[in-house]
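Asks: This is the structure I want to talk about, given as structure tokens.
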Amino acid sequence: MTEARIHDAGYRRYTGVRLGPSQAIRSLTRHTAQRVMGLRRPARYKALPFLVVLIAYLPAAVFVGLAAFLPHQLRGQLPKVSDYYGFVTAAIVLFVAFVAPESMCPDRKYRTLSLYLAAPLDRLSYLRAKAQAVVAILALVTVGPPVLMLIGLSLQNAGPKHPSDLAIVVVRILASGTMLAVFYTSISMAVASLTDRRAFAAAFTLILVAGSVTVAGTLVYALGATHSLVVLNLSRVPFEMSQRIFGTYDNDLRGVPTVVIVLGTVGWFALGCAVTWWRYRRLQVTR
Amino acid sequence: MTDAVVRADGVTKRWGATVALDEATFEIGSGITGLLGANGAGKTTMLGLVLGLYRPEGGAITVLDRDPWTAGPEVRARIGWAPEHDALPPDVPAFDAVRHLAEVHGLPNTEASGRASDALWVVGLGEERFRAVGTMSTGQRQRVKLAQAIAHDPALVLLDEPTNGLDPVQREEMLGLIRHVGHDLGLDVVLSSHLLEEVERTCDSVVILDEGRAVAQGGIAELRAIGGTRAELIVEVDGGDDAVSAVVARLDGVAVDVDGSRLVVELSGDDVYDLVRDAVADTGVALRLLQRRTRSLEDVYLDARG
């Protein structure tokens, strides 16, 4: 017969280690990423993020499958890794419009921000944690699929032939994918900082991207302005930047110097950061 | 070093043209301290300064012997804060929210999980801890806020109007929990409230703010003693001035003030009750009121506000 015991599971004083702001940032980053992907939430919150991620990976799976089943017929005809984003631009932009609003708006709507700023986080470290989470999630669709495609093609002997070439492509995928994630994180966080409503923020993000396409297209193609104004196009300038990282370019933008593309990308990024910081610096959280 | 958990010395804070705090000077020690004042008195602004969210325009404030503005993260790691308003997403289980906020306050993940459970049991939500916050009643949501404020074992707990929106039963339970946190668990608590009676019943000491100034501070008993510690017995009888005079005539050796049909008798000892009873009985008048009165926090508050 075993001896029965009742253990006191009551509140105890804590004398262990306290990990400070770094733990706060890690926890907020992880919590935000889980929340955006619908983890530890009802199934309906998982549907959209997982569907978009699936769409982003679908072309990579198809290309690898074609390379596997039709290796001779399609040799040299499959798209290059650098062209991959052309197949999933819409999915990436849709995901961008979803992720930042989902990660930022509820904290202000439900005033959880006041609890975070009453912890070892300050406004800057809070935004850093949020940005890390958004970048990591966007990287699922900007880094993951090209990597999958590269791995698949390499296994089918349809990828780079030499290890050095393979390493260069990997570095370029990581650089361009991270650049895209960081760029769109900045833009979408700026929009999400302007409203507490997720749906409005998502709509505004899509409207902003569509508006920039219209404005740049009108200026360049209807009014005959310099092609350098393509930097106003939020769905084109980062992807052109990605092409330049791979050492290629869009034929339409052949005459636009890389420095202009870099300045355009950095300019939008800086503007996004500035708007986000301007909004959060002014927020009153306890009143 | 000082015993004061919070020390404000001439603290001034403005919001535009509005002076929220006007050279407020006070100390908050251990135990449960009420931060009392009408709406707009500067209580919430003061809590924001304690958290290091704002920089005072004048004066100095120290919290746990640190300047919260320059040492914000270190100070806030040791503070638990429950705001007046709802602050937790409705679709998150209470346990997840409390655990996450314990981690955000610097606790390792495994410790945060255990302490989140403990804190939710303390506030009486042990069985309900996996329910989404949005499905809980107002009283339960206030308890979750209290749980997240104590889960990381803070040195100081700041509660802003914690009984807001609660019915009388829930309010009573919440005040009991606050007393438990302050007296049994040994956490220093600042209870910001505009409700005088709940501060009087819950707190060991009080700081009274009025239009941004700290107009009174100290232990509840000490403040009551200012202006006299004398206890009084209020006696009302039927029968008009003649009856009052007859009763007074029979109260030999007792200090009595007459206020209309009301007698204010100095309660110098328990035998005064017997004297009053006998005087009324001997006079043959009807006794309408016999009530002990001491100086209340309301008297202190009204005096302090001038």
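Residue numbers (the working numbering), protein chains in the order written: chain A, 1 to 287; chain B, 1001 to 1306. We put the beta carbon where it would ideally sit given N, CA and C, even for glycine.
(1) According to the neighbour-count rule (16 or more other Cβ atoms, all chains shown, within 10 Å of its Cβ), is GLY1134 of chain B buried or exposed?
(2) Taking only runs that begin and end inside the stretch 1018–1065 of chain B, name each unbroken beta strand (DSSP E) of 3 or more residues, in chain order.
(3) Take ARG12 of chain A as the anchor and find which of B:GLU1298, B:ASP1259, B:ALA1151 has the nearest alpha-carbon.
(4) What are the residues that DSSP puts in a beta bridge with ASP1009 of chain B?
(5) Just checking, does the stretch 185–193 of chain A make contact with the stretch 93–106 of chain A on the three C-beta pairs under 8 Å criterion?
(6) Under 7 Å between the Cβ atoms of ARG229 of chain A and SER212 of chain A?
(7) For PRO42 of chain A, is the classification buried or exposed, using 16 other Cβ atoms within 10 angstroms of its Cβ as the cut-off for buried?
(8) What does THR185 of chain A reach in chain B if we use C-beta pairs closer than 8 Å?
(9) Note the first and the last residue of the continuous beta strand (DSSP E) segment covering GLY20 of chain A.
(10) Taking a cut of 9 Å between CB atoms, which residues from the stretch 268–284 of chain A lie near chain B?
(11) Could you compute how far the alpha carbon of ALA33 of chain A sits from the alpha carbon of GLY1031 of chain B?
(12) When you compare only the Cα positions, how much space is there between GLY1269 of chain B and LEU1263 of chain B?
(13) Where does VAL1160 of chain B land, buried or exposed, given buried means 16+ other C-beta within 10 angstroms?
(14) Going by C-alpha distance, which of B:GLU1027, B:VAL1122, B:ILE1220 is nearest ASP1184 of chain B?
(15) Should the stretch 1124–1134 of chain B be called in touch with the stretch 1162–1170 of chain B, which here means at least 3 C-beta pairs below 8 Å?
(16) Kindly indicate which residue of A:GLN23, A:LEU153, A:TRP278, A:ALA199 has the alpha-carbon position closest to the one of VAL170 of chain A.
(17) Can you give me the C-alpha to C-alpha distance between GLY1029 of chain B and ALA203 of chain A, rounded to a whole angstrom?
(18) Can you tell me whether LYS130 of chain A is buried or exposed? The criterion is at least 16 other CB atoms within 10 Å of its CB, across all chains shown.
(19) Tell me whether ALA225 of chain A sits in a helix, a strand or coil according to DSSP, three-state version.
(20) Would you please state the rounded distance, in angstroms, between the beta carbons of GLU1027 of chain B and THR1012 of chain B? I believe it to be under 8 Å.
(21) Out of curiosity, what's the CA-to-CA distance linking ALA1004 of chain B and ALA274 of chain A?
(22) Is THR89 of chain A buried or exposed, if buried means 16 or more other CB atoms sit within 10 Å of its CB?
(23) Does the distance from the C-beta atom of THR258 of chain A to that of ARG236 of chain A stay below 7 Å?
(24) How about ALA36 of chain A and ILE168 of chain A: do their beta carbons lie closer than 7 Å?
(25) When you compare the CB positions of ALA201 of chain A and CYS105 of chain A, do they come within less than 7 Å of one another, or not?
(26) Excluding the five sequence neighbours on either side, which residues of its own chain have a C-beta within less than 7 Å of the C-beta of GLU1084 of chain B, listed in chain order?
(27) Beta-carbon within less than 6 Å of ARG1293 of chain B's beta-carbon, same chain only, minus the 5 sequence neighbours each way: which residues are those?
(28) How many angstroms separate the CA atom of LEU1125 of chain B from the CA atom of SER1113 of chain B?
(29) Report yes if the C-beta distance between VAL1285 of chain B and VAL1237 of chain B is below 7 Å; otherwise report no.
(30) Do we get a CB-CB distance below 7 Å when we pair HIS1100 of chain B with the residues of chain A?
(31) Verify whether the separation of the beta carbon atoms of LEU1158 of chain B and TRP1069 of chain B is less than 7 Å.
(32) Identify the continuous alpha helix (DSSP H) that holds LEU263 of chain A and give its terminal residues.
(33) Closer than 7 Å, CB to CB, is TYR126 of chain A near chain B or not?
(34) So ASP1086 of chain B contacts chain A; which residues on that side make the cut at Cβ distance below 8 Å?
(35) What are the boundary residues of the beta strand (DSSP E) that includes SER186 of chain A?
(36) How would you label LYS46 of chain A, buried or exposed, when you count the other beta carbons within 10 angstroms and need 16 or more for buried?
Replies: On the basis of the coordinates in this document:
(1) Note on GLY1134 of chain B: under 16 other CB atoms within 10 angstroms of its CB, so exposed under the neighbour-count rule.
(2) Listed in chain order, they are 1018–1028, 1032–1036, 1058–1063.
(3) Here the closest residue by C-alpha is B:ALA1151.
(4) DSSP output for ASP1009 of chain B lists B:ALA1060 as bridge partner(s).
(5) When Cβ pairs closer than 8 Å are counted between the two stretches, the stretch 185–193 of chain A is seen to touch the stretch 93–106 of chain A, the count reaching three or more.
(6) First, the amino acid is wrong: residue 229 of chain A is Leu here, not Arg. Contact flag unset, no.
(7) Note on PRO42 of chain A: under 16 other CB atoms within 10 angstroms of its CB, so exposed under the neighbour-count rule.
(8) The contacting residues do not exist; THR185 of chain A stays about 21 Å from chain B at best.
(9) For GLY20 of chain A, there is no enclosing beta strand (DSSP E); the enclosing alpha helix (DSSP H) has its first and last residue at 20–36.
(10) Residues are counted here when their Cβ sits less than 9 Å from a Cβ of chain B; for the stretch 268–284 of chain A these are GLN284, given in chain order.
(11) Rounded to the nearest whole angstrom, the CA to CA distance from ALA33 of chain A to GLY1031 of chain B is 39 Å.
(12) When the Cα atoms are used, GLY1269 of chain B and LEU1263 of chain B turn out to be separated by approximately 17 Å.
(13) The question names Val, yet the displayed sequence has Asp at residue 1160 of chain B. ASP1160 of chain B is buried by the Cβ-count criterion.
(14) For the set B:GLU1027, B:VAL1122, B:ILE1220, the Cα lying nearest the Cα of ASP1184 of chain B is the one of B:VAL1122.
(15) No: the two stretches stay apart, fewer than three of their Cβ pairs being nearer than 8 Å.
(16) Taking each of A:GLN23, A:LEU153, A:TRP278, A:ALA199 in turn and checking the Cα distance to VAL170 of chain A, the smallest one comes out for A:LEU153.
(17) Taking the Cα positions, GLY1029 of chain B is about 51 Å away from ALA203 of chain A.
(18) With 16 or more Cβ atoms within 10 Å of its Cβ, LYS130 of chain A is classed as buried.
(19) Correct three-state label for ALA225 of chain A: coil.
(20) A Cβ-Cβ distance of about 17 Å is found for the pair GLU1027 of chain B and THR1012 of chain B, leaving them out of contact under the 8 Å criterion.
(21) Spanning the two alpha carbons is a distance of roughly 41 Å.
(22) By the neighbour-count rule (16 or more Cβ atoms within 10 Å), THR89 of chain A is not buried but exposed.
(23) Taking a C-beta distance under 7 Å as the contact criterion, THR258 of chain A and ARG236 of chain A do not qualify as a contact pair.
(24) Reading the sequence as shown, one finds Val at residue 36 of chain A and not Ala. The answer is no: Cβ separation not under 7 Å.
(25) Yes, Cβ-Cβ distance for ALA201 of chain A and CYS105 of chain A is below 7 Å.
(26) Cβ-Cβ distances below 7 Å link GLU1084 of chain B to ASP1160, GLU1161, ASN1164 in the same chain, with the five nearest sequence neighbours on each side left out; the list follows chain order.
(27) Result list for ARG1293 of chain B: GLU1232, ILE1234, in chain order.
(28) Each residue's alpha carbon lies about 15 Å from the other.
(29) Closer than 7 Å, so yes.
(30) For HIS1100 of chain B, the answer is yes, since a Cβ of chain A falls inside 7 Å of its Cβ.
(31) Between LEU1158 of chain B and TRP1069 of chain B, the C-beta spacing is not below 7 Å.
(32) Note, LEU263 of chain A: alpha helix (DSSP H), 258–282.
(33) Taking 7 Å as the CB threshold, TYR126 of chain A stays off the interface with chain B.
(34) What ASP1086 of chain B touches in chain A, judged by beta-carbon distance under 8 Å, is TYR110, ARG111, going in chain order.
(35) In the DSSP annotation of this structure, SER186 of chain A is not part of any beta strand (DSSP E); the continuous alpha helix (DSSP H) holding it starts and ends at 163–192.
(36) By the neighbour-count criterion, in which 16 or more other beta carbons inside 10 Å mark a residue as buried, LYS46 of chain A falls on the exposed side.
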